[in-house]
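Remarks on the structure that follows.
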Amino acid sequence: MDRWKGRTALVTGASVGIGAAIAKELVRFGMTVLGCARNVEKIQKLAAECQSAGYPGVLIPLKCGWKNMLDVNVLALSICAREAYQSMKERSVDDGHIINLNSMCGHRILPNADIHFYTATKYAVTALTEGLRQELREAKTHIRATCISPGLVETEFAPRLYSQDPVKAANIYSHYKALEAIDIANAVVYVLSAPPHVQIGDIQMRSSEQVT
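The sequence shown: position 104 = 104 (the UniProt record's numbering), numbered continuously.
Shown next as structure tokens:
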């Protein structure tokens, strides 16, 4: 990770859960992280925690008001990837890395009507990331594109999905030990640590107890 020290990362959804864990871990490795979310106060608190811990990097909070699942999972992801590439190109950065947070739902369809639209957005992420990888190769750059596709992660996802049914939300995490946000942050570090000539297209990861 030494080659990423002092460089800049944009992390969306950085206020809670997986996004917050990734932002914190990258700051710990000395990166300057632009953390975007609707709740900028939570990112400010996380930035203060990183500073108190003496991490060598810095977390800069930014407010982003994306409003729904399609906007966040597909449109915002596409816009961020496009702007990240343009920024790298303008600054002659040829070894950058665009990492999209996907889901195992981007690779299989569960018989659960509550998450079928969510699944559709994640299939889009799978296609967009592979398409981006191909476009980057055609552009003759060494910028890499990667998906990270976790299974069930213990975050605020279930409480938000079943906000009208707290018991159902709690039951989501009662059947087996889910992944934790830090597990996905560690996967990001693993991807960034790969030698520059190695392209990791996708990391599919589940709890060792998860079946589907």
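Here a beta-carbon is modelled for each residue, glycine too, at the ideal position from N, C-alpha and C.
- Query: Taking the C-alpha atoms as reference points, what is the distance between R82 and R38?
  - Reply: 21 Å
- Same chain, Cβ closer than 7 Å to M1, neighbours up to 5 away in sequence not counted: F29, V189, L192 and S193
- Query: Nearest to residue 217 by CA position, among K5, A120, G13 and L132, is which residue?
  - Reply: The structure shown does not extend to residue 217, since the chain is modelled only from 1 through 212, so no value can be given for it.
- Task: Could you spell out where the alpha helix (DSSP H) holding D183 opens and where it closes?
- Result: A181 to S193
- Going by CA-CA distance only, name the one from S87, H97 and V74 that's closest to Q199. H97
- Query: Out of V93, W4 and Y85, which has the shortest C-alpha to C-alpha gap to G57?
  - Reply: The candidate whose alpha carbon is nearest that of G57 is W4.
- If you count every other CB in all the chains shown that lies within 10 Å of the CB of P150, and 16 or more means buried, which is it? Looking at its Cβ environment, which holds 16 or more other Cβ atoms inside 10 Å, P150 is buried.
- Message: Here's the rule I'm using: 16 or more other beta-carbon atoms within 10 Å means buried, otherwise exposed. How should I79 be labelled?
- Response: exposed
- Message: Taking the beta carbon of Y176 as the centre, do at least 16 other beta carbons fall within 10 Å, making it buried, or is it exposed?
- Response: exposed
- For A84, which residues does DSSP report across the bridge? According to DSSP, A84 bridges with nothing at all.
- Query: The beta strand (DSSP E) spanning N100 covers which residue range?
  - Reply: H97 to L101
- Message: Pull the bridge partners of I22 from the DSSP assignment, please.
- Response: DSSP output for I22 lists no bridge partner at all.
- Item | Beta-carbon proximity list for I148, same chain, < 8 Å, skipping 5 on both sides | Correct list, in chain order: I99, N100, L101, N102, I184, A187, V188, V191, D202, I203 and M205.
- Item | CB-CB length for T155 against G35, believed under 8 Å | Between G35 and T155 the Cβ distance is about 16 Å, and since that is not below 8 Å, they are no contact.
- Task: Quick one: residues in its chain with C-beta nearer than 8 Å to the C-beta of I143, no 5 flanking neighbours on either side, listed in chain order?
- Result: The residues are Y85, M88, V93, D94, D95, G96, H97, I98 and L136.
- Task: Using 10 angstroms around the beta-carbon of L167, count the other beta-carbons present and answer buried if the total reaches 16, otherwise exposed.
- Result: A small fix is needed here, since residue 167 is Val in this sequence, not Leu. Counting Cβ neighbours within 10 Å, V167 comes out exposed, since fewer than 16 surround it.
- Message: Can you give me the C-alpha to C-alpha distance between I182 and A127, rounded to a whole angstrom?
- Response: 26 Å
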